Amino acid sequence: MSAYLHCLSHTPLVGYVDPEPHVLAEVDAVISDARERIARFDPQLVVLFGPDHYNGFFYDVMPAFCIGMAADAIGDFDTAAGPLDVPKALAESCAKAVLDAGVDAAVSYRMQVDHAFAQPLELLLGGLQGCPVIPVFINSVAVPLPGFNRARMLGEAIGQWAKSLNKRVLFLASGGLSHQPPVPELAKVDARMADRLMGSGRQLPADERQARQNRVIQAARDFVEDPHSLHPLNPTWDQQFLDTLEQGRMSDLDSLSNDELSALAGKSTHEVKTWVAAFCALSAFGPYQTEGRYYRPIPEWIAGFGALGAQPLNNH
């Protein structure tokens, strides 16, 4: 039994609104290093914690957490589309263990995921079918949201289950850090958009999906010109969050309310709960050491962009 972890910000804007070439090269090097470390680890199973952006989960039924027994990526923003290689029996075992541990998680035998899941699988494992993967959704945009303590308990339960497998398990987390792109809010939209958020957006017409994509791209361009056009990035908070993970103090975040986090770092920063869940899963394997820490605020991608790897001190 052994484990490895890598957390990585995602962005649908890569290739659409890009930073200076030297920044792109820097990010590419960070991802390449992580890919090499993961290849050396040679995982037999991936547990991927990720959010959604009203592409797979809607207000017809909005779980706090959902574990996929099967999943398909929709291919938004030119990311990979198609089925993930989900080992159904293992996913079912994981879901049972999580429920037995007292954490309520939904299950889906028809999970639909977007760039939040597809991008890390493409960048770090070469594609959607690069390794057997159990997708774990954490609701990060649709209020009411789970708090840090629940994300921590979810991760701890999955970590204890993974520790029992006698496999090389890779924990991945996708999302964050500070950011607030133009994501619609149910309380602030017209009836047509509300209908989309409640489930009729599951299969958007091509023109509507393109218009939605264009809005995000334009918002990024505006943000580069005017950093006050969206909620500002918060590099100070982001670095403190990375410190917290490195020092294994995840429970310190329990006292930070959802409203406080939104005010500090933006309403989409709740995606960092995927990082907390992944680190708590890793902590089931004992004390860990981190590596490959990276951080840069990248307004072109509307993101405090970060990466962080870790492995147990006793990995074998």
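Numbered per my numbering, the sequence shown spans residues 1347 to 1662. The C-beta atom is built at its ideal place from N, Cα and C for all residues, glycine as well. What you are looking at is a predicted structure, and each value in this text was computed from that prediction instead of being measured.
Closest Cα partner of residue i within the set the options
{"i": "valine 1479", "options": "Lys1613, Phe1517, Gly1638, Leu1599", "result": "Phe1517"}
{"i": "alanine 1437", "options": "Val1622, Val1562, Val1392", "result": "Val1392"}
{"i": "glycine 1505", "options": "Leu1394, Ala1630, Asn1512", "result": "Ala1630"}
{"i": "arginine 1555", "options": "His1616, Ile1648, Met1539, His1356", "result": "Met1539"}
{"i": "serine 1608", "options": "Asp1418, Gly1522, Thr1425", "result": "Gly1522"}
{"i": "asparagine 1661", "options": "Tyr1634, Leu1602, Val1369", "result": "Tyr1634"}
{"i": "serine 1575", "options": "Ala1380, Arg1383, Pro1527", "result": "Pro1527"}
{"i": "leucine 1550", "options": "Ala1497, Pro1490, Phe1404", "result": "Phe1404"}
{"i": "threonine 1357", "options": "Asp1424, Ala1385, Glu1366, Leu1351", "result": "Asp1424"}
{"i": "arginine 1642", "options": "Pro1365, Thr1620, Gly1361", "result": "Pro1365"}
{"i": "leucine 1532", "options": "Ala1371, Arg1386, Gly1632, Pro1490", "result": "Pro1490"}
{"i": "glutamine 1593", "options": "Cys1626, Arg1567, Arg1496", "result": "Cys1626"}
{"i": "aspartate 1431", "options": "Thr1620, Ala1447, Gly1472", "result": "Gly1472"}
{"i": "lysine 1513", "options": "Cys1477, Asp1541, Gly1493, Phe1494", "result": "Cys1477"}
{"i": "alanine 1497", "options": "Thr1636, Gly1632, Thr1620", "result": "Thr1620"}
Beta-bridge pairing of residue i - partner residues as DSSP gives them
{"i": "glutamine 1657", "result": "Gln1635"}
{"i": "glutamine 1458", "result": "Asp1418"}
{"i": "isoleucine 1480", "result": "Val1393"}
{"i": "phenylalanine 1463", "result": "DSSP output for phenylalanine 1463 lists no bridge partner at all."}
{"i": "phenylalanine 1423", "result": "Paired residues: none, contrary to the question."}
Neighbour-count burial assignment, residue i, 16 or more Cβ in a 10 Å radius
{"i": "proline 1389", "result": "buried"}
{"i": "threonine 1582", "result": "exposed"}
{"i": "serine 1546", "result": "exposed"}
{"i": "histidine 1399", "result": "buried"}
{"i": "lysine 1442", "result": "exposed"}
{"i": "glutamate 1502", "result": "buried"}
{"i": "aspartate 1406", "result": "exposed"}
{"i": "aspartate 1584", "result": "buried"}
{"i": "alanine 1410", "result": "buried"}
{"i": "arginine 1456", "result": "exposed"}
{"i": "alanine 1488", "result": "buried"}
{"i": "histidine 1368", "result": "exposed"}
{"i": "alanine 1380", "result": "buried"}
{"i": "aspartate 1598", "result": "exposed"}
Limits of the alpha helix (DSSP H) - the one that residue i falls within
{"i": "alanine 1371", "result": "1367–1387"}
{"i": "aspartate 1600", "result": "Looking at the DSSP string, aspartate 1600 is not in any alpha helix (DSSP H), and its letter there is neither H nor E."}
{"i": "leucine 1445", "result": "1434–1446"}
{"i": "leucine 1591", "result": "1581–1592"}
{"i": "alanine 1630", "result": "Segment: none, alanine 1630 is in no alpha helix (DSSP H) and carries neither H nor E."}
{"i": "valine 1449", "result": "Segment: none, valine 1449 is in no alpha helix (DSSP H) and carries neither H nor E."}
{"i": "leucine 1309", "result": "With the chain running from 1347 to 1662 in the structure shown, residue 1309 is simply not present."}
8 Å Cβ cutoff met for residue i and residue j
{"i": "alanine 1519", "j": "cysteine 1353", "result": "yes"}
{"i": "valine 1622", "j": "methionine 1596", "result": "yes"}
{"i": "leucine 1654", "j": "leucine 1591", "result": "yes"}
{"i": "isoleucine 1420", "j": "valine 1444", "result": "no"}
{"i": "alanine 1464", "j": "proline 1397", "result": "no"}
{"i": "serine 1614", "j": "serine 1510", "result": "no"}
{"i": "tryptophan 1647", "j": "leucine 1467", "result": "no"}
{"i": "alanine 1349", "j": "leucine 1659", "result": "no"}
{"i": "glycine 1402", "j": "glutamine 1475", "result": "no"}
{"i": "valine 1535", "j": "leucine 1500", "result": "no"}
{"i": "glycine 1638", "j": "serine 1524", "result": "no"}
{"i": "alanine 1656", "j": "phenylalanine 1395", "result": "no"}
{"i": "proline 1530", "j": "proline 1645", "result": "no"}
{"i": "lysine 1434", "j": "alanine 1452", "result": "no"}
{"i": "glycine 1652", "j": "leucine 1602", "result": "no"}
{"i": "asparagine 1580", "j": "alanine 1537", "result": "no"}
{"i": "aspartate 1600", "j": "asparagine 1495", "result": "yes"}
Bounding residues of the beta strand (DSSP E) (the contiguous stretch that carries residue i)
{"i": "methionine 1539", "result": "Careful: methionine 1539 lies outside any beta strand (DSSP E), inside the alpha helix (DSSP H) at 1537–1541."}
{"i": "cysteine 1353", "result": "1348–1354"}
{"i": "valine 1515", "result": "1514–1520"}
{"i": "alanine 1410", "result": "First-last for alanine 1410: undefined, no H or E at that position."}
{"i": "serine 1427", "result": "Looking at the sequence shown, residue 1427 is not serine but alanine. Alanine 1427 -> beta strand (DSSP E) spans 1427–1429."}
Short CB-CB distance (under 8 Å) between residue i and chain B
{"i": "serine 1439", "result": "In the structure shown, chain B does not exist; there is a single protein chain."}
Residue i CB to nearest heavy atom of the ligand ADP below 7 Å
{"i": "serine 1454", "result": "Because no ligand of any kind appears in the structure shown, any question about the ligand ADP cannot be addressed here."}
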